[in-house]
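K.L.:
Sharing a structure below in structure tokens format, with a few things to ask.
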Amino acid sequence: MSVPLPYFLGLSAVLFVIGAAGVLTRRNAIVVFMCIELMLNSVNLTLVAFSTFLGDMSGQALVFFVMAVAAAEAAVGLAIVIAVFRNRQTVNIDEINILKW
Amino acid sequence: MYFVALILLSQDICIVPVTTDAILFSVLAAAAIVTSVLMIIQRNPVMSAIYLIANFFCLAALYLLLRAQLLAVLQVVVYAGAIMVLVVFVIMLLNLGDEQKLAERINVRMMIGVALAFGILLEFLYLFLSPALEGSALEAPVNLGSIGTVESMGVALFEKYLLPFEITSLLLLVAIVGAVTLAKKQS
């Protein structure tokens, strides 16, 4: 392993920020959803990098749990998107504002 | 530009010799960034999903570079396989077409969003590349041992993290029931 740890951390920071920019700018609920997956993945990269560089398996075990939670989140989130689309005929998050205020 | 900034910021911390690992990392990091940027600027949700899958493959290769074999396989199977199939299935099911394209255009809020994201990036880079991180973690481990193999992962999951592992199964059960209840037709 000749690539130092800060390079992995920097890459994961850039990926996280691209995901955050997507969440802040996109209006399609499913694309926002995919951006959240991207942010989860960048955090996973940080955990795996630290796990390898510190020689500790705890980071990779945590990534395993993050993947399980992401799968559960994907199932429930997409079910919510389907339910909202059935009622409102849209996935534009600007028009889904019934919980605002 | 990213690499130039990264090299400039980190040149006092470390000097990277050109090796297979370094070349692989550069290519995979560039591919991951390009695919994720393409993902958020695509208007068509299906194209976004395809670029996200490509991004997941890049991350799986990076995990292999970090010797995390089991997680690389799980990344492809769980993320690129299961989760993205679900996402693409929902995009197709809702038949989101051209009507979504008109809704997204450049406005003040979008610019504020990008500016805020850039602010987070500066904070992260300052934090991650600061000399405070200097220490034992910065030196690459000489002996990687059994880190990342299925065996060491199993030992970690079934000894130290047995209770969280079992609770994960409960979480997945709740998610299945919740998804079915939410998505079924109201009668």
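Listed in order, the protein sequences are those of chains A and B.
Heads up: the first sequence begins at 1 in the working numbering, then just goes up one per residue.
Heads up: the second sequence begins at 1 in the working numbering, then just goes up one per residue.
Just so it is clear, CB atoms sit at the ideal spot from N, CA and C, and this is done for glycine as well.
It should be emphasised that the depicted structure is a prediction, and the values quoted were computed from it without experimental measurement.
1) Consult DSSP for ASN97(A) and reduce its assignment to one of helix, strand or coil.
2) Return no unless some Cβ of chain A is closer than 7 Å to the Cβ of LEU52(B).
3) Below 8 Å, can you find three or more Cβ-Cβ pairs linking the segment 14-21 of chain A to the segment 32-45 of chain A?
4) Cβ of VAL114(B) less than 7 Å from any chain A Cβ?
5) Does chain B have any CB closer than 7 Å to the CB of LEU24(A)?
6) On the DSSP letters alone, give me the boundaries of the alpha helix (DSSP H) that GLN60(A) sits inside.
7) For VAL23(A), collect the residues of the same chain with a Cβ closer than 7 Å to its Cβ; drop the 5 residues on either side in sequence, then sort them by chain order.
8) Checking contacts by CB at 7 Å: is VAL3(A) closer than that to chain B?
9) Buried or exposed for SER136(B), going by 16 or more other Cβ atoms inside 10 Å?
10) By DSSP's criteria, ASN41(A) is part of a beta bridge. Which residues make up the other side?
11) Leaving out five residues on either side along the sequence, give the residues of the same chain with a beta carbon under 6 Å from the beta carbon of ASP12(B).
12) Can you grab the Cα-Cα spacing for the pair LEU171(B) / THR20(B), in whole Å?
13) In whole angstroms, what separates the C-alpha of VAL18(B) from that of ALA79(A)?
14) Classify ASN55(B) as helix, strand or coil using the three-state DSSP reduction.
15) Can you tell me where the alpha helix (DSSP H) with PRO164(B) in it begins and where it stops?
16) Using a beta-carbon distance cut-off of less than 8 Å, what residues from the segment 27-40 of chain A approach chain B?
17) If we count Cβ pairs, one from each stretch, closer than 8 Å, do we get three or more for the segment 41-51 of chain B versus the segment 64-78 of chain B?
18) Name the DSSP beta bridge partners of VAL28(A), please?
19) Between GLN89(A) and chain B, is any beta-carbon pair separated by less than 7 Å?
20) Contact criterion: CB-CB distance below 7 Å. Does ILE167(B) meet it with respect to chain A?
21) I'd like to know if ASP12(B) contacts chain A, where contact means its C-beta is closer than 7 Å to some C-beta of that chain.
22) At what residues does the alpha helix (DSSP H) containing PHE189(B) begin and finish?
23) Run the CB neighbour count on MET47(B), radius 10 Å, all protein chains shown included, and call it buried at 16 or more, exposed below.
24) Look at the alpha carbon of PHE128(B) and the alpha carbon of ALA30(B), and state the distance between them as a whole number of angstroms.
25) Suppose you measure from the CA of LYS185(B) to the CA of GLY119(B); what does that come to, to the nearest Å?
26) Of all the beta strand (DSSP E) runs that stay within the bounds of the segment 18-93 of chain B, which reach a length of 3 or more residues?
P.N.:
Walking through what the data contain:
1) coil
2) Yes, its Cβ sits closer than 7 Å to a Cβ of chain A.
3) yes
4) yes
5) At least one chain B Cβ lies under 7 Å of LEU24(A).
6) 58-88
7) VAL32, CYS35 and ILE36
8) Yes, its Cβ sits closer than 7 Å to a Cβ of chain B.
9) For SER136(B), the predicted model reports a pLDDT of 49, less than 50, meaning its position is unreliable and no value from the coordinates is stated.
10) Partner(s): none; ASN41(A) has no beta bridge.
11) Because ASP12(B) sits at a pLDDT of 49, beneath the cut-off of 50, its placement in the model cannot be relied upon, and the point is left open.
12) 41 Å
13) Approximately 47 Å, taken between the alpha carbons.
14) helix
15) Judged by DSSP secondary structure, PRO164(B) falls within the alpha helix (DSSP H) whose first and last residues are 162-183.
16) ARG27, ASN28, ILE30, VAL31, PHE33, MET34, CYS35, GLU37 and LEU38
17) no
18) The amino acid occupying residue 28(A) in the given sequence is Asn; Val does not appear at that position. The bridge partners DSSP lists for ASN28(A) are ASN92(A).
19) no
20) No - not a single Cβ of chain A is within 7 Å of the one on ILE167(B).
21) Annotation note: pLDDT 49 at ASP12(B) (below 50); position unreliable, coordinate value reported separately. So no, ASP12(B) is outside the interface.
22) The requested residue 189(B) does not occur in the structure, where chain B is confined to residues 1 to 187.
23) exposed
24) A direct Cα-to-Cα measurement between PHE128(B) and ALA30(B) gives close to 19 Å.
25) 43 Å
26) none
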